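Novice: There's a structure below that I have some questions on.
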Amino acid sequence: MKKKLPAIIGGKPQRKKYLTFGSPFIGKEEINEVVSSLKSGWISTGPKVAQFEKDLAKFIEIKHIKALSSCTAAIHLALIAAGVGKDDEVITSPLTFAATANTILHVGAKPIFVDCKIDGNIDEDKIEEKITKKTKAILPIHLYGRPCNMDKIGRIAKKYHLLVIEDAAHALGASIGKKNIGTISEFTCFSFYVTKNLATGEGGALTTKKKSWRDLIEKYSLHGMNKDAWKRYSSSGYSHYQIEVPGFKYNLMDIQAAMGIHQLRKFNAMQKRRNEIWSMYDKAFKNLPVIIPPKEGKGIIHAHHLYTVLIDLKKIKVDRDTILQALHKEGIGVGVHFISLHLHPLYKRIFKFKKNDFPNALLISERTISLPISAKLTNKDVYDVIQAVKKIINYYSK
Numbered sequence: 011m012k013k014k015l016p017a018i019i020g021g022k023p024q025r026k027k028y029l030t031f032g033s034p035f036i037g038k039e040e041i042n043e044v045v046s047s048l049k050s051g052w053i054s055t056g057p058k059v060a061q062f063e064k065d066l067a068k069f070i071e072i073k074h075i076k077a078l079s080s081c082t083a084a085i086h087l088a089l090i091a092a093g094v095g096k097d098d099e100v101i102t103s104p105l106t107f108a109a110t111a112n113t114i115l116h117v118g119a120k121p122i123f124v125d126c127k128i129d130g131n132i133d134e135d136k137i138e139e140k141i142t143k144k145t146k147a148i149l150p151i152h153l154y155g156r157p158c159n160m161d162k163i164g165r166i167a168k169k170y171h172l173l174v175i176e177d178a179a180h181a182l183g184a185s186i187g188k189k190n191i192g193t194i195s196e197f198t199c200f201s202f203y204v205t206k207n208l209a210t211g212e213g214g215a216l217t218t219k220k221k222s223w224r225d226l227i228e229k230y231s232l233h234g235m236n237k238d239a240w241k242r243y244s245s246s247g248y249s250h251y252q253i254e255v256p257g258f259k260y261n262l263m264d265i266q267a268a269m270g271i272h273q274l275r276k277f278n279a280m281q282k283r284r285n286e287i288w289s290m291y292d293k294a295f296k297n298l299p300v301i302i303p304p305k306e307g308k309g310i311i312h313a314h315h316l317y318t319v320l321i322d323l324k325k326i327k328v329d330r331d332t333i334l335q336a337l338h339k340e341g342i343g344v345g346v347h348f349i350s351l352h353l354h355p356l357y358k359r360i361f362k363f364k365k366n367d368f369p370n371a372l373l374i375s376e377r378t379i380s381l382p383i384s385a386k387l388t389n390k391d392v393y394d395v396i397q398a399v400k401k402i403i404n405y406y407s408k
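First residue of the sequence shown: 11, per our numbering; consecutive thereafter.
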């Protein structure tokens, strides 16, 4: 029987209406709350940011938290609070978004890459060999929402007197045993970007174990002022501010927090839907020439942020990018998370990296495809993704 051609070279696309990758689940509650902010006059940082911080702290089960403009801002300020600066070294993984390593460069330090495991997370067994007298911190990334081995990373950090800054951009809602991500290390950084499990358009948060760190981060997040706008202009009366450190403009707005308040209230329900979609994908793809995400270990709760498959290039006639374009032609929005940083021009130029320096990160970079996963997806949407993937993979199989 002749195979049906994928849309890239003929045939009927799976979908007429394009399925956008990472589209958030936004309801009337978020819309009404944003309108309420606009009508109130508090558009920038104000009472709803304070409410969002309070709700988020309760959800994560952490006392000290600061809402910020992005996870990038959170990592940057965590590095500053941790005292990381010129000529220091920070151990991290190359398989991440650029912000993780860029912020290390911004404070004058050097990112020291440790290869990842096949699940995408940093290989904790290779960390110690990269520690030097200049090492100041370890920055693990909970990639795709899968928690890293924080027990071992924590033991290594304690042994060498290092701080741990967790990049949890993908991992709100994840946990290890009875410990929620955000409560384990000195600093944890979250993202509320539009594609994340909790979306405020742009936005992030930082949790920390010390009030002094939280206070310093708050100060640095708004130009180094000792009082933010809400404190200066609230009904309690005007008060003067002073500039105490050379800070940044990293504050979250009430318009964003208005979304976050309601996103958090429906978070568990949205996670339940993500889990359902994840299971549907696992079942549908287990017999294809792809590697599906490995199961999480005992006591681990995966945040299920990104569902990725690795194309088995030994069993497929084309490269990964051809598969990406074919899925695009089928009306399915897909992504790549990520191309390892050691393959990008900036890091190749600065550190003289070679292609094979990090074999697992390279393997994933060349094979990974992120498929749509969002609480917004209907069963029909999920069916279309599954059918398109099967159609393309089967057509290009050897």
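The beta-carbon is built from N, C-alpha and C at its ideal position, and this holds for glycine as well. Predicted, not measured: the structure shown is a model, and the values here were computed from it.
What residue range does the beta strand (DSSP E) around THR102 cover?
Specialist: From DSSP, the beta strand (DSSP E) with THR102 extends over 99-102.
Novice: Would DSSP call ASN190 helix, strand or coil?
Specialist: Strand at ASN190.
Novice: Apart from the five residues just before and just after TYR291, which ones in its own chain have a Cβ nearer than 6 Å to its Cβ?
Specialist: TYR317
Novice: Please report the distance separating the alpha-carbon of GLN252 from that of ARG275.
Specialist: 36 Å
Novice: Taking three-plus beta-carbon pairs below 8 Å as touching, is the stretch 134-151 in contact with the stretch 168-185?
Specialist: yes
Novice: For TYR405, count neighbouring C-beta atoms within 10 Å of its own C-beta (all shown protein chains included) and say buried if the count is 16 or more, exposed if not.
Specialist: Residue environment analysis places TYR405 among the buried positions, since at least 16 neighbouring C-beta atoms fall within 10 angstroms of its C-beta.
Novice: Any idea which residues DSSP pairs HIS74 with across the strands?
Specialist: BP columns for HIS74 point to THR218.
Novice: According to DSSP, is GLU228 helix, strand or coil?
Specialist: helix
Novice: By the DSSP assignment, the beta strand (DSSP E) with ALA418 in it spans what residues?
Specialist: With the chain running from 11 to 408 in the structure shown, residue 418 is simply not present.
Novice: Would you call GLY257 buried or exposed, if buried means 16 or more other Cβ atoms sit within 10 Å of its Cβ?
Specialist: buried
Novice: Is DSSP giving GLY270 helix, strand or coil here?
Specialist: helix
Novice: Under 7 Å between the Cβ atoms of LYS140 and VAL124?
Specialist: Yes. Within cutoff.
Novice: Could you give the DSSP three-state label for PRO57: helix, strand or coil?
Specialist: helix
Novice: Span of the alpha helix (DSSP H) holding LEU372?
Specialist: 369-377
Novice: Taking 7 Å as the limit between beta carbons, can you name the residues of its chain near MET11, skipping five residues before and five after?
Specialist: Confidence is the limiting factor: at MET11 the pLDDT is only 44, short of 50, which leaves the residue's position unreliable, though a coordinate-based value still follows. Around MET11: no qualifying Cβ.
Novice: For the stretch 300-384, list the beta strand (DSSP E) runs that are entirely contained and at least 3 residues long, ordered along the chain.
Specialist: 317-321, 378-381
Novice: Three-state secondary structure (DSSP) at LYS12?
Specialist: Caution is warranted here: a pLDDT of 47 is assigned to LYS12, below 50, making its placement in the model unreliable, and the coordinate value is therefore given only provisionally. Looking at LYS12 - three-state DSSP - the assignment turns out to be coil, as it is neither helix nor strand.
Novice: If distances are taken between C-alpha atoms only, which option among ASN207, LEU323, GLY56, MET160 comes closest to LYS188?
Specialist: MET160
Novice: Which residues in the same chain as ARG283 place their Cβ atom closer than 6 Å to its Cβ, once the five residues preceding and following it in sequence are excluded?
Specialist: ALA385
Novice: Going straight from the alpha carbon of TRP52 to that of ASP65, what length do you get?
Specialist: 19 Å
Novice: Is DSSP giving LEU173 helix, strand or coil here?
Specialist: DSSP, read as helix, strand or coil, puts LEU173 in strand.
Novice: Sorted by chain position, which residues of the same chain lie with C-beta nearer than 6 Å to ILE349's C-beta, five sequence neighbours on each side aside?
Specialist: SER375
Novice: Would you call SER79 buried or exposed, if buried means 16 or more other Cβ atoms sit within 10 Å of its Cβ?
Specialist: Counting the other CB atoms within 10 Å of its CB gives SER79 a total of 16 or more, which places it among the buried residues.
Novice: Quick one: what's got a C-beta closer than 8 Å to ILE326's C-beta in the same chain, skipping five residues either side?
Specialist: PRO299, ILE333, ILE403, TYR406, SER407, LYS408
Novice: Might you give, ordered along the chain, the residues of its own chain that have their beta carbon closer than 7 Å to the beta carbon of ILE85, omitting 5 neighbours on each side?
Specialist: Taken in chain order, the residues that qualify are ALA109, THR110, THR113, ILE175, ASP177, CYS199.
Novice: Measure the CB-CB distance between ILE379 and VAL319 and report whether it falls below 7 Å.
Specialist: yes
Novice: What's the call for ALA414, buried or exposed, on a 16-neighbour Cβ count within 10 Å?
Specialist: Lying before the first or after the last residue shown, residue 414 is absent from the chain, which here runs from 11 to 408.
Novice: Would the stretch 23-33 and the stretch 339-349 be scored as touching if the rule is three or more Cβ pairs under 8 Å?
Specialist: yes
Novice: So, ILE287 versus VAL392, is the Cβ gap smaller than 7 Å?
Specialist: Yes. Within cutoff.
Novice: So, HIS315 versus ASN207, is the Cβ gap smaller than 7 Å?
Specialist: yes
Novice: What residue does the alpha helix (DSSP H) around LYS401 start on, and which one ends it?
Specialist: Element bounds for LYS401: 389-406.
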